[in-house]
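Residue 53 in the numbering used here sits at position 51 of the sequence shown, and the numbers go up by one each step.
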Amino acid sequence: MKRILFAVAIALAFSPSLFAQDAQPEPSKFFMQITTVESVVAGGMGRSRMVITNPDGSQKESEMNNLFSIAGINFKNIKENEDKIIRTLKEYTDGGWKIEQVTSLTLSQNDSGSGGIFMTRYLLSKAVGK
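(1) What beta strand (DSSP E) runs, 3 residues minimum, are completely inside the segment 25 to 100?
(2) Use the C-beta contact count for SER41: other C-beta atoms within 10 angstroms, 16 or more gives buried, fewer gives exposed.
(3) Which one of LYS92, SER50, TYR124 and ASN56 has the shortest CA to CA distance from GLU65?
(4) State buried or exposed for ASN83, treating a residue as buried only when at least 16 other CB atoms are found within 10 Å of its CB.
(5) Just the C-alpha distance for ARG89 and THR95, rounded to the nearest angstrom, thanks.
(6) Under 8 Å, do VAL43 and ASN68 count as touching if we go by C-beta distance?
(7) With a cut-off of 8 Å on the beta carbons, I'd call LEU126 and ILE87 a contact; round off their distance for me.
(8) Report the option in THR37, GLY97 and SER60 whose CA atom is closest to the CA atom of ALA129.
Below, the structure written as structure tokens:
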């Protein structure tokens with residue numbers, strides 16, 4: 003009888019740790035990403051976009067202006083893109099999101115002298131429960 007009680011006591015003592023290994027830890031942060039792709043295709047033929055990837059994996063895409071028009075570089079479009087990026091980042095940071103990292107990439111023109119993109123990725127995080 004003592005052996006059975008001892009075996010039960012040992013089993014109960016170790017069972018919480020056995021089950022704890024199967025439990026997935028709760029995330030301490032949510033992450034999301036905002037990616038901007040600005041086209042450098044001459045003549046305004048490029049496709050510039052902002053893509054927002056939410057913590058659940060869903061995405062929202064919106065148009066941005068191309069950096070070049072038929073006349074060349076278009077500073078009005080650059081200003082409008084900057085305003086859109088700043089407004090978007092402000093909306094999320096006001097909502098408790100923090101900018102964790104910014105990564106930029108430039109893909110230069112091809113052999114014919116046309117084309118290229120500027121891409122920037124903004125990684126944002128937010129503590130769970132905030």
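Virtual Cβ for every residue (Gly too), placed ideally from N, Cα, C. Note that this is a predicted model, so its numbers are computed, not measured.
The structure says:
(1) Those beta strand (DSSP E) runs which fall completely within the segment 25 to 100 and span 3+ residues are 31 to 41, 50 to 55 and 61 to 66.
(2) With 16 or more other Cβ atoms within 10 Å, it is buried.
(3) Out of LYS92, SER50, TYR124 and ASN56, SER50 has the C-alpha closest to the C-alpha of GLU65.
(4) Burial check for ASN83: the Cβ neighbour count within 10 Å reaches 16 or more, so the residue is buried.
(5) Looking at the backbone, the Cα of ARG89 and that of THR95 are separated by about 10 Å.
(6) It is a contact, given that the beta carbons lie within the stated cut-off.
(7) That belief does not hold up - the Cβ atoms of LEU126 and ILE87 are roughly 13 Å apart, past 8 Å.
(8) With distances taken between CA atoms, ALA129 lies nearest to GLY97 out of THR37, GLY97 and SER60.
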